[in-house]
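Engineer: Quick one: this structure, given as structure tokens, is what I'll be asking you about.
In the working numbering, the protein residues as written are 147 to 457.
Here it is in structure tokens:
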């Protein structure tokens, strides 16, 4: 636990989370309204033209608007990745400021934190991310979890309908950074001020999983959230969960674009081999990470460290 005094521990957690949700909702609402506006204007003009001789009923007006919004809904679905990316970018303004303030508060309170792991240790995170991406995707396909989750199918279809570059920028980089700032950088670290690792990791991961709209993603992101919190704890740096999250998301986009998952799905033997070998590599990397010594910063080092986004 990192004992930091806050006037209201409840609102120190609830406030940022509600702000995060509010920003996302506002940006998505505005973006969707901008896409809908031309279709609504066109429907209104059509009603005016058709109503010169007779006054249209409310039901006719409503039907005209519904008919006009059908292509608008298609446009919203087509640009869903862009909309979600824009809303994630907007949240980084809030979470980035809070993250920097929290790190300064830790320095001011002279909290003794784990020493950051050297960059040379991050190769294990890279291998974990690549192997974990392949193993997790293949495992879900083998147990047909995604097949029985209609919402997951719809989400995947919308997600991979965006352009490849947009997927890399949005799904691969922007969204992972935004989510890590909120759920590990803010919520996990603030839970950790008064609670142990497991309490903090489980609650922050539960909130993280609730941000996803289907059962498949909720289970996956809950387990992933616990792992990301553990990496934050072991490496003593925000870089570790960000690197793994980016690798998992980017790997999924790249391997899908290259047809790797399609090739693996063509043979049960290849699928099983990918799951087993990926799980084995992840297990080896986890053991190596687990054995990493955690050193506590000396008071002098704590005072000299600079606060940055990836501390």
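All residues carry an ideal CB built from backbone N, CA and C; glycine is no exception.
Can you have a look at residue 160 and say buried or exposed, based on whether 16 or more other CB atoms are within 10 angstroms of its CB?
Structural biologist: Within the chain shown, residue 160 is the residue found at index 14, counting from 1. So residue 160 counts as exposed.
Engineer: Consult DSSP for residue 451 and reduce its assignment to one of helix, strand or coil.
Structural biologist: On the chain shown, position 305 is the one that residue 451 refers to. With a pLDDT of only 48 at residue 451, under 50, the local geometry of the prediction cannot be trusted, and no value is derived from it.
Engineer: Quick one, are the C-beta atoms of residue 276 and residue 393 less than 8 Å apart?
Structural biologist: The count along the chain shown starts at 1 and reaches residue 276 at position 130. The count along the chain shown starts at 1 and reaches residue 393 at position 247. Taking 8 Å as the Cβ cut-off, residue 276 and residue 393 qualify as a contacting pair.
Engineer: Which one or two residues does DSSP pair with residue 442 in a beta bridge?
Structural biologist: Locating residue 442 in the chain shown gives position 296, where the first residue counts as 1. DSSP, once it has assigned bridges, lists 260 as partnering residue 442.
Engineer: When the Cα atoms are used, what is the spatial distance from residue 348 to residue 208?
Structural biologist: Against the chain shown, residue 348 aligns to sequence position 202. Against the chain shown, residue 208 aligns to sequence position 62. Between residue 348 and residue 208, the C-alpha separation is close to 46 Å.
Engineer: Quick one: is residue 414 buried, meaning 16 or more other Cβ sit within 10 Å of its Cβ, or exposed?
Structural biologist: Taking the chain shown and counting its residues from 1, the one referred to as residue 414 is at position 268. The residue in question, residue 414, is exposed, as its Cβ has fewer than 16 Cβ neighbours within 10 Å.
Engineer: Starting from the Cα of residue 216, find the closest Cα among 194, 189, 238, 195 and give me that residue.
Structural biologist: As a first step, residue 216 must be located in the chain shown, where it is residue number 70. That would be 189, whose Cα lies nearest to the Cα of residue 216.
Engineer: Determine the DSSP secondary structure at residue 341, reduced to helix, strand or coil.
Structural biologist: As a position in the chain shown, residue 341 is number 195, starting the count at 1. In this structure, residue 341 counts as coil in the three-state DSSP scheme.
Engineer: Taking buried to mean at least 16 other C-beta atoms within 10 Å of its own C-beta, is residue 191 buried or exposed?
Structural biologist: Taking the first residue of the chain shown as position 1, residue 191 is located at position 45. With fewer than 16 other Cβ atoms within 10 Å, it is exposed.
Engineer: Could you check whether residue 323 and residue 238 sit closer than 8 Å to each other, using their CB atoms as the reference points?
Structural biologist: Within the chain shown, the letter at position 92 stands for residue 238. Within the chain shown, the letter at position 177 stands for residue 323. Closer than 8 Å, so yes.
Engineer: Does the Cβ of residue 373 have 16 or more other Cβ atoms within 10 Å, making it buried, or fewer, making it exposed?
Structural biologist: Here residue 373 corresponds to residue number 227 of the chain shown, with the count starting at 1. Buried.
Engineer: Would you kindly work out how many angstroms separate the C-alpha atoms of residue 419 and residue 425, rounded to a whole number?
Structural biologist: On the chain shown, position 273 is the one that residue 419 refers to. On the chain shown, position 279 is the one that residue 425 refers to. Answer to the nearest angstrom: the Cα atoms are 10 Å apart.
Engineer: Go through its chain and collect everything with a Cβ distance to residue 448's Cβ below 8 Å, but skip five positions before and after it.
Structural biologist: On the chain shown, position 302 is the one that residue 448 refers to. Bear in mind that the predicted position of residue 448 carries a pLDDT of just 49, short of 50, making it unreliable; the figure below should be weighed with that in mind. Closer than 8 Å at Cβ, skipping near neighbours: 253, 256, 257, 258, 259.
Engineer: Note down, in chain order, each residue of its chain lying with its Cβ closer than 8 Å to the Cβ of residue 312, except the 5 sequence neighbours on either side.
Structural biologist: Counted from its first residue, the chain shown places residue 312 at position 166. 227, 228, 231.
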